[in-house]
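Asks: My questions will all concern the structure given below.
Residue numbers (my numbering): 183 to 1248.
The structure is reproduced here in structure tokens:
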């Protein structure tokens, strides 16, 4: 199995900011394992679960960056099977992955092409398939990037298809050609796979055959959609273009149809596909695009993927929750800072603040004027866009009317062609009719001649009958007559032959009869009766010819009438066509006039819009220049503070300098973004103006506070800090100067200011006292650790109290058992209340972090709010320490080795520690938060339980201690006076001891405050301290020790009960 050895480091840098590091590593590990298992050198199909995890990973990160980061490292040139399975997985990711996968794959087109070309030059079976598959993937990526309406899965509705095709016939024609190319690539891959299967004599149940057949499932899904879309587009093309123009499209579609039908048939017969996909069946023949009604007979082929059995694995959480930082957070933090510590340089506003306020008011006025100008410009642009849209709508309507007129003209031309064809047919029929008339007239003439000859024959026969009586007498005359008759018969035979040749088939019977007459005249002259019968039959045939002639005449009249009607229709059609052409020409002229007029109006509007646009650009640049001039003044004033002797007495802490430098770096990033936006669109300079204003103020603030911080720093770091501040001011002034000139705007590089600001930030980090042995990056982990340790300490305290109660029940009885149970029960209730308070505080802390961290991680939030975090850690330690001390004191009281006063003091200490924890949690919590309300209720509950512990302790102390009754009956006056004096001395000694102890307690707490101040506020120094060298603070106390708490500002104690209230400084 192929494995990805080196995980790219840049993968971890592109994770969303809200995810935890563990989740990132787990996600990358899961993706690496899935890719390694899916794309390997084994000749077996890709498992569906590995491909599904890869696809889910693209949806999780909204792209294919992780997939390509690992895929680039695969040794694809070393194995053809590895390249084949890579193409298969990439095809599945394109089809079913996140839509952004397509754009990520566009950047790696060259890699895909190189792999295909490499294996295309090698004589390897899988190599040839990889070459074809890469061409298909490149075609798929290009098609979907060019037509974003079609997703990579190719599943769209008919409405989306109509919208993508549009109304322009050229676009429809081009889209159809691209879909044909797309289909050719798909079919070529399927044909190559089947050809290799037939050559290798592989079956679908073998792993080698399944490895080749697996990608055809995606090919079948793509081909079904492409076939449906090409059918729709072909019918739409045939409704707009002549059939001859689309002959090439029809031939190409028919070829693809037969190939696709053969592909579906062969795939459906294989057992491998029957359990994975339901393949549709195409009709026997392709659709008839010449018949528009055939579209209703078309049935869309639907591919069905059967549902797979669910696997035993938990799906990853693909929901991404990101909370943006609240917009008003910087102002709120600044207000809280000013309320707590006062203004940075005193409560009195100086001239610079007044100038800043005046400039802010001017900026607001300029911004309002700019908004008015923008609104006016947007209104003009909206009006112009509305007019343009109206003109475009009218133009589109004219185009539709023109298209309709062209269609009507085409129909009229078609009808005219039909009429001309009918006219040609009529002329041909008329020619046939005239030819038939000619033939009929010739036949009639021949009939008249035959009739004349027949009459002559009758006369000759009569003469022969007259001469027959003298036959015997006049043999010679008879012989002459016979010779004459023979001569006449020869003439008649010649004429009959001639008539027979000219009269075609209709006169055959008459010719036969004439031949019979000839034979009878040659035989004997007595058979004239038969000649008469033949003559009668000839007359009958003549009558038939006459009837046929009448029928032909009737047909001629009918044809003449039809021809006249067609000629009338033709004339009407020609007149209608001329009218349509005239109307069309008039409409075209009117449309051209209107178009010229609209173009003139549009040109005027464009000139006006250009003037307004130029005016807007000038005003935007004027506003930018004014802002840059004011920013230059602010920066010059800040740079001047570096050499101002009056500024030598101003000091600042490295912590505040670091915060100002970080804010200035963020402002530089915003300035770069605003500068790029302004260069892209100079009609809107609001972003650059706002960023420049913020940049100038924050940079000037950083320079001033850098100078103030250097006054308390050692010589070498102070000099380096001053030099870095000067360099920052010089680069900032250079940048502001470039922003004042239009020619220098393109050469302005705001990023150059980042280097000195980073130097200031680094020097501020170096000047921060190293009093804590914990880095800020570990604060977040320490918070969770201390809260967990506090909860564990409380749980341990509850268990120890229960053990002590069981021991007390066995070891004591009577009043002592009652007192011990009451004290331990009150301690148990107190521990439960503290545990509930710690749990509620943890929930509130998580809510504060989630609402305040924004796109940052928890560690970054804790590092940013280090003082609050340290206060929270200190309060948590205090609660745990108090719980431990309370348990130890209770144990001593139960064992009669301790004092009841220790238990009372521990109860007060726990109340103070929980108050500190509540205050630390309340600083950054929302006042309407339900967790805060529950935390306050828990705090009141802890105070009540602490009071119960004190009350039960005092009550038990009163019950256990033996009270001696004072009996003074046996004392004399002198002894009473002596004991009174001794008692007064004892009281004075105790009062003195109490006062000394209270003073000692105050000194102890004051020293504790000082140590806590050094630990909690390492950037602050005492006013009397001349040096700024960092002080060494105390180490963190363990859980059972009393931790450091933040100092009280007035350092005053409540002498009535020697208690104090801790204030958490954030």
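Yeah, the Cβ is synthetic: ideal placement off N, Cα and C, and Gly gets one too. Source: prediction; values computed, not measured.
(1) Look up residue 265 in the DSSP assignment and say whether it is helix, strand or coil.
(2) When you compare only the Cα positions, how much space is there between residue 734 and residue 612?
(3) To the nearest angstrom, how far is the alpha carbon of residue 828 from that of residue 1108?
(4) Let me know if residue 911 comes out buried or exposed under the rule of 16 or more other beta-carbons within 10 Å of its beta-carbon.
(5) Taking DSSP's pairing of strands, which residues face residue 164 in a bridge?
(6) Tell me the DSSP secondary structure of residue 393 in three-state form.
(7) Go through its chain and collect everything with a Cβ distance to residue 368's Cβ below 8 Å, but skip five positions before and after it.
(8) By Cβ distance below 6 Å, which residues in the same chain neighbour residue 1130 in space, the five residues on each side in sequence not counted?
(9) With DSSP collapsed to three states, give me the class of residue 290.
(10) Tell me the start and end of each unbroken alpha helix (DSSP H) in the segment 1082 to 1165 that is at least 4 residues and wholly inside, in chain order.
(11) Going by DSSP in three states, residue 221 sits in which element: helix, strand or coil?
(12) Could you say which of 263, 323, 991, 547 lies nearest to residue 310 if we only look at CA atoms?
(13) What are the complete alpha helix (DSSP H) segments, minimum 4 residues, inside the segment 795 to 866?
(14) Could you tell me the boundaries of the alpha helix (DSSP H) in which residue 402 lies?
(15) How about residue 899 and residue 948: do their beta carbons lie closer than 8 Å?
(16) Residue 446: beta carbon under 7 Å from a heavy atom of the ligand HEM?
(17) Hey, residue 1066 and residue 975: beta-carbon distance below 8 Å or not?
(18) When burial is assigned at 16 or more other CB atoms within 10 Å of the CB, is residue 1095 buried or exposed?
(19) Would you grab the beta carbon distance between residue 320 and residue 295 for me? Rounded to a whole angstrom, and I think it's under 8 Å.
(20) In angstroms, rounded to a whole number, what distance separates the CA positions of residue 431 and residue 373?
(21) Just reading off the alpha helix (DSSP H) that residue 934 is part of, what are its end residues?
(22) By DSSP, does residue 1167 sit in helix, in strand, or in coil?
(23) Report yes if the CB atom of residue 315 is closer than 8 Å to the CB atom of residue 371, and no otherwise.
(24) Let me know the secondary structure DSSP gives residue 253 once reduced to three states.
(25) Counting only the same chain and skipping the five closest in sequence on each side, list residues whose C-beta sits under 7 Å from that of residue 782.
(26) Could you give the residue range of the alpha helix (DSSP H) that holds residue 344?
(27) Between which two residues does the alpha helix (DSSP H) carrying residue 883 extend?
(28) If you draw a straight line from the alpha carbon of residue 332 to that of residue 326, how long is it in whole angstroms?
(29) Count the C-beta pairs between the segment 981 to 990 and the segment 1099 to 1114 that are closer than 8 Å, then say yes if the count reaches three, no if not.
(30) Considering only residues of the same chain and omitting the five flanking positions on each side of residue 887, which have a CB-CB separation below 7 Å?
(31) Please name the residue, chosen from 415, 1113, 1076, that lies closest to residue 1139 on a Cα-to-Cα basis.
(32) Taking the C-alpha atoms as reference points, what is the distance between residue 762 and residue 362?
(33) Whose C-beta lies closer than 6 Å to the C-beta of residue 393 among residues of the same chain, with five residues either side of it excluded?
(34) Give the DSSP-derived three-state secondary structure of residue 259 in the structure shown.
(35) Hey, quick one: how far does the alpha helix (DSSP H) through residue 318 stretch, first residue to last?
(36) Alpha carbon to alpha carbon, how far is residue 977 from residue 1010?
Replies: Checking against the coordinates, here is how it stands:
(1) If DSSP states are grouped into helix, strand and coil, residue 265 belongs with the helices.
(2) 11 Å
(3) 42 Å
(4) buried
(5) No answer is possible for residue 164: the residues shown for the chain start at 183 and end at 1248.
(6) helix
(7) 318, 401, 404, 405, 408
(8) 1008
(9) coil
(10) Segments of the alpha helix (DSSP H) lying fully in the segment 1082 to 1165: 1082 to 1104, 1112 to 1142.
(11) In the structure shown, the three-state DSSP call for residue 221 is coil.
(12) 263
(13) 836 to 862
(14) Bounds of the alpha helix (DSSP H) holding residue 402 are 398 to 420.
(15) yes
(16) No copy of the ligand HEM occurs in the structure displayed, which carries no ligand at all.
(17) yes
(18) With 16 or more other Cβ atoms within 10 Å, it is buried.
(19) 6 Å
(20) Their backbone Cα atoms lie some 22 Å apart in a straight line.
(21) No alpha helix (DSSP H) holds residue 934; DSSP gives it neither H nor E.
(22) helix
(23) yes
(24) helix
(25) Within the same chain, residue 782 has no close Cβ partners at all.
(26) 340 to 347 is the extent of the alpha helix (DSSP H) around residue 344.
(27) 868 to 892
(28) 6 Å
(29) no
(30) 834, 838, 839, 842
(31) 1076
(32) One Cα belongs to residue 762, the other to residue 362, and the distance between them is close to 39 Å.
(33) 225, 226, 227
(34) helix
(35) 307 to 328
(36) 10 Å
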